[in-house]
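Okay, so here's the structure we're looking at.
Numbering (the numbering used here), first residue to last: 1435 to 1516.
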């Protein structure tokens, strides 16, 4: 995109200036795309870690169920009728 010429007027000049910021400034589209890619990679790692933690909790719960002595039923009180 070329720079605005004087014949195009002030609105076009403002649009051209804003476009330059969006495509070449410190918060340019390219910089933001790179940041999003980096954040997505971090998110993928966090989701994988969370899934591993949840799977480990399921394994621990299963081991506890197998290794724990059975819980006896509470005694039935003959005074209480169901």
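Every residue, glycine too, gets a C-beta built ideally from N, C-alpha and C.
Given the structure is predicted, the values throughout are model-derived calculations rather than measurements.
Checklist entry - What distance in whole Å lies between the Cβ atoms of residue 1463 and residue 1471, which are believed to be in contact at a cut-off of 8 Å? => result That belief does not hold up - the Cβ atoms of residue 1471 and residue 1463 are roughly 13 Å apart, past 8 Å.
Item to check | Opening and closing residue of the alpha helix (DSSP H) in which residue 1510 lies | outcome: No alpha helix (DSSP H) contains residue 1510, which DSSP labels as neither H nor E.
Checklist entry - From what residue to what residue does the alpha helix (DSSP H) around residue 1466 run? => result 1463-1501
Next on the checklist: My output table needs one value for residue 1458: the three-state DSSP class, helix, strand or coil.
Outcome noted: helix
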